[in-house]
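J.:
Residue numbers (our numbering): 142 to 512.
1) Can you tell which of 376, 407 and 371 has the C-alpha that lies nearest to the C-alpha of residue 385?
2) Mark residue 316 as exposed unless 16 or more other C-beta atoms lie within 10 angstroms of its C-beta, in which case mark it buried.
3) How would you call residue 381, buried or exposed, if buried means at least 16 neighbouring beta carbons within 10 angstroms?
4) Can you round the beta-carbon distance between residue 208 and residue 217 to whole angstroms, since I take them to be within the 8 Å contact cut?
5) If you draw a straight line from the alpha carbon of residue 310 to that of residue 481, how long is it in whole angstroms?
6) Let me confirm a value: residue 501 is counted as buried when at least 16 other C-beta atoms fall within 10 Å, else exposed. Which label applies?
7) On the DSSP letters alone, give me the boundaries of the beta strand (DSSP E) that residue 445 sits inside.
8) Going by the beta-carbon positions, is the gap between residue 465 and residue 446 smaller than 7 Å?
9) Please report the Cβ distance between residue 363 and residue 325, rounded to the nearest whole angstrom; I am assuming they are in contact, meaning their Cβ atoms lie under 8 Å.
10) Which same chain residues end up closer than 6 Å to residue 475 when comparing Cβ atoms and leaving out the 5 residues on each side of it in sequence?
11) What does a CB cutoff of less than 7 Å around residue 355 pick up in its chain, not counting 5 residues either side in sequence?
12) What are the boundary residues of the beta strand (DSSP E) that residue 382 is part of?
13) Taking the DSSP output, what are the residues bridged to residue 463?
14) Express the C-alpha separation of residue 177 and residue 199 in angstroms, rounding to a whole number.
15) Whole angstroms is fine: what's the gap from residue 456's alpha carbon to residue 440's?
16) Given a cut-off of 7 Å, decide if residue 347 and residue 313 are closer than it, judged by their beta-carbon atoms.
17) For the putative contact between residue 227 and residue 252, defined by C-beta atoms under 8 Å, what is the C-beta separation to the nearest angstrom?
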């Protein structure tokens, strides 16, 4: 195995270390030949965000913000986040005008005298570390479970935020609570005038723990969501939802498919199977024959990635395939500006069986050996 390492250490505030760009000569047991290891030795890499020039910014749940430039990983900050169970440093997004306005958005869990909360902040990369934070939105209910945490800019230039209900299901039906919602904001945290509820960041409600956001090429928003794990006697029923503004997806009153006209039934439910879906992305690249237009969903408990093919209208699922099953828990999947698919393992999150070099960021270089 070849490893390319560069290590640079600057003072106490920032550590620049290369875990490098790793290319397998001898593949580990069970790995697919078309998959390359980009970085290893990480601790729960939660989210990836590419700059237009190909620099890869990413978070690790313990609080580390880093950027991969070429073959070198530079640690930008170690944030003092609250890492209770599922909380910590979660989502990352870059401004859609990143080159003239290089704002970095972060979603993380913290504790104050009133309890446990999540917030979204924005910052910029300085010469040695991150600039002081500016709060975008605060007081998102947090808990030891169901912290949501995915943040992405949509094709409309607005910031979308997935918020779990923090283990309190009734928050999802309370329009005055940020828990159990998908939010839509301007980049400065103000509320867009065309949001469905007056003076509210809420875009949709009735969610349990949404952790993935993806837009089709036609601009339609889809979200992946964890189903119940015992609440009201229900289990599994993970969901992929087609998100429309102002719609109510039913949690905790319903889970999975439902005929109740008061709530929007999921586009797809796993029913008795558990995926624990996290990040998701559409394949727009021509690099993967047969995958273009498909929705990739990273799965934690499902251990792998699901490739979902939709009909032309995007409102029905035609097929679901399981791929990349040899890497354990998969947390995030994105398409890079180079057209390649990148994904992360989450085997050190307390629920996996880590290998000595976990966790990893990986790239699908080809479909060689991939089902």
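Backbone N, C-alpha and C define an ideal beta-carbon position, used for all residues, glycine too.
T.: This is what the structure gives:
1) Along the chain shown, one-based indexing puts residue 385 at 244. Nearest option by C-alpha distance: 407.
2) For the purposes of this step, residue 316 is taken as the residue at position 175 of the chain shown. Result: exposed.
3) Translated into the one-based positions of the chain shown, residue 381 becomes position 240. Within 10 angstroms of the beta-carbon of residue 381 lie 16 or more other beta-carbons, which makes it buried.
4) For this step, residue 208 is matched to residue 67 along the chain shown. For this step, residue 217 is matched to residue 76 along the chain shown. With 8 Å as the limit, residue 208 and residue 217 qualify as a contact, their Cβ atoms being about 6 Å apart.
5) Against the chain shown, residue 310 aligns to sequence position 169. Against the chain shown, residue 481 aligns to sequence position 340. Rounded to the nearest whole angstrom, the CA to CA distance from residue 310 to residue 481 is 38 Å.
6) Counted from its first residue, the chain shown places residue 501 at position 360. The residue is buried, with at least 16 neighbouring Cβ atoms inside 10 Å.
7) As a working mapping, residue 445 is identified with position 304 in the chain shown. Looking at the DSSP string, the run of the beta strand (DSSP E) that includes residue 445 is 445-451.
8) The residue given as residue 465 occupies position 324 in the chain shown. The residue given as residue 446 occupies position 305 in the chain shown. Their beta carbons are under 7 Å apart, which means residue 465 touches residue 446 by this criterion.
9) Reading the chain shown from its first residue, position 222 is the one you call residue 363. Reading the chain shown from its first residue, position 184 is the one you call residue 325. About 15 Å separates the two Cβ atoms, so there is no contact after all.
10) As a first step, residue 475 must be located in the chain shown, where it is residue number 334. Take residue 475, set aside five residues on each side of it, and the residues of its chain with a beta-carbon closer than 6 Å to its own are 189, 422 and 483, in chain order.
11) Looking up residue 355 in the chain shown gives position 214. The residues are 363, 421, 422, 423 and 436.
12) Residue 382 sits at position 241 when you count from the first residue of the chain shown. Where residue 382 is concerned, the enclosing beta strand (DSSP E) stretches over 380-384.
13) On the chain shown, position 322 is the one that residue 463 refers to. Answer is 447, bridged to residue 463.
14) Translated into the one-based positions of the chain shown, residue 199 becomes position 58. Translated into the one-based positions of the chain shown, residue 177 becomes position 36. Their backbone Cα atoms lie some 18 Å apart in a straight line.
15) What you label residue 456 is simply residue 315 of the chain shown in a count that begins at 1. What you label residue 440 is simply residue 299 of the chain shown in a count that begins at 1. Straight-line spacing of the CA atoms in residue 456 and residue 440 works out to 22 Å.
16) Residue numbering aside, residue 313 sits at position 172 when the chain shown is read from its first letter. Residue numbering aside, residue 347 sits at position 206 when the chain shown is read from its first letter. Result yes, Cβ atoms of residue 313 and residue 347 sit closer than 7 Å.
17) Locating residue 227 in the chain shown gives position 86, counting from the first residue. Locating residue 252 in the chain shown gives position 111, counting from the first residue. With 8 Å as the limit, residue 227 and residue 252 do not qualify as a contact, their Cβ atoms being about 14 Å apart.
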